[in-house]
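Undergrad: In the numbering used here, the protein residues as written are 588 to 813. The C-beta atom is built at its ideal place from N, Cα and C for all residues, glycine as well. Quick caveat, the model's predicted, so the values are computed rather than measured.
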């Protein structure tokens, strides 16, 4: 039974042209996730892409590549469908126990993040380990619905006149890591399953690069580290 790292990297990107191969700092964006995966205890790292340029670049590293069909490369394609395609494409004899999904838009993962998730799997009988971080200003208690111009509570019971620090802690998925048992993906059509575990990220800085402003923030972060 093996654990694989999966990095989905399609060619198209409306907001940032060729985002996954665009140089951030001194290397292409996708290289951060490749290096992070290769530095962990994963048994294998796989790149799924519809782009020959991305596939050829990835072959400079000790990774496998899978060519993604065009029907899974459009704006309407889901990451879930891409992961299922990878599982179906792999040799049935490989016995993939767990998949560690690494989105290249998150280049600054903590160094030991993947191994920490592996340890949680080994110490518990969980179905998945997903990264979360604490919500501060945008606490669910402050989120509203607007229906026909009327402001309604999004949560069933709102706690009024209380500072964020006094509210019950809330957490959001940050996209740094989704890891799950292959059996859960196939039988439950889920990245999480019924026995989901959280890996809390306590670092203050967070970036998931989806637009040009995010890119500028990431560049600024790297410049500050010099």
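At which residues does the alpha helix (DSSP H) containing residue 621 begin and terminate?
TA: Numbered from 1 along the chain shown, position 34 holds the residue referred to as residue 621. Per DSSP, residue 621 belongs to the alpha helix (DSSP H) from 616-625.
Undergrad: Is it buried or exposed, residue 620, if we count other Cβ atoms within 10 angstroms and call 16 or more buried?
TA: As a working mapping, residue 620 is identified with position 33 in the chain shown. Classification for residue 620: buried.
Undergrad: Between which two residues does the beta strand (DSSP E) containing residue 654 stretch?
TA: Taking the first residue of the chain shown as position 1, residue 654 is located at position 67. 651-654 is the span of the beta strand (DSSP E), which, as asked, contains residue 654.
Undergrad: Let me check one thing: in DSSP terms, what residues is residue 687 bridge-paired to?
TA: Position 100 of the chain shown, counting from 1, holds the residue named residue 687. DSSP output for residue 687 lists 592 and 766 as bridge partner(s).
Undergrad: Which of helix, strand or coil does DSSP assign to residue 851?
TA: The chain is shown only over 588 to 813; residue 851 falls outside these bounds and no answer can be derived.
Undergrad: Sort out for me which residues DSSP pairs residue 785 with in a bridge.
TA: Indexing the chain shown from 1 puts residue 785 at position 198. DSSP, once it has assigned bridges, lists 717 as partnering residue 785.
Undergrad: Alpha carbon to alpha carbon, what distance is there between residue 813 and residue 771?
TA: Locating residue 771 in the chain shown gives position 184, where the first residue counts as 1. Locating residue 813 in the chain shown gives position 226, where the first residue counts as 1. Between residue 771 and residue 813, the C-alpha separation is close to 42 Å.
Undergrad: Could you check whether the segment 641-658 touches the segment 761-777, counting it as contact only if at least three pairs of C-beta atoms, one from each stretch, sit closer than 8 Å?
TA: no
Undergrad: What would DSSP say about residue 605, mapped onto helix, strand or coil?
TA: Locating residue 605 in the chain shown gives position 18, where the first residue counts as 1. Of the three classes helix, strand and coil, the one that applies to residue 605 here is coil, per DSSP.
Undergrad: What separation, rounded to the nearest whole angstrom, lies between the Cα atoms of residue 781 and residue 685?
TA: Numbered from its first residue, the chain shown carries residue 781 at position 194. Numbered from its first residue, the chain shown carries residue 685 at position 98. Whole-angstrom Cα-Cα distance: 15 Å.
Undergrad: Are three or more beta carbon pairs between the segment 723-740 and the segment 663-682 nearer than 8 Å?
TA: no
Undergrad: For residue 725, which of 630, 707 and 755 has the nearest alpha-carbon?
TA: Working through the chain shown from its first residue, we reach residue 725 at position 138. Among 630, 707 and 755, the Cα nearest to that of residue 725 is on 755.
Undergrad: Taking the alpha-carbon of residue 777 as reference, which of 793, 688 and 589 has the nearest alpha-carbon?
TA: Taking the chain shown and counting its residues from 1, the one referred to as residue 777 is at position 190. When only C-alpha atoms are compared, the closest one is 688.
Undergrad: Which residues does DSSP list as the beta-bridge partners of residue 752?
TA: To locate residue 752, count along the chain shown from 1; it is residue 165. Answer by DSSP bridge pairing: none, since residue 752 is not bridged.
Undergrad: So, are the CB atoms of residue 610 and residue 634 less than 7 Å apart?
TA: Start at 1 with the first residue of the chain shown, and residue 610 comes out as number 23. Start at 1 with the first residue of the chain shown, and residue 634 comes out as number 47. Contact: no.
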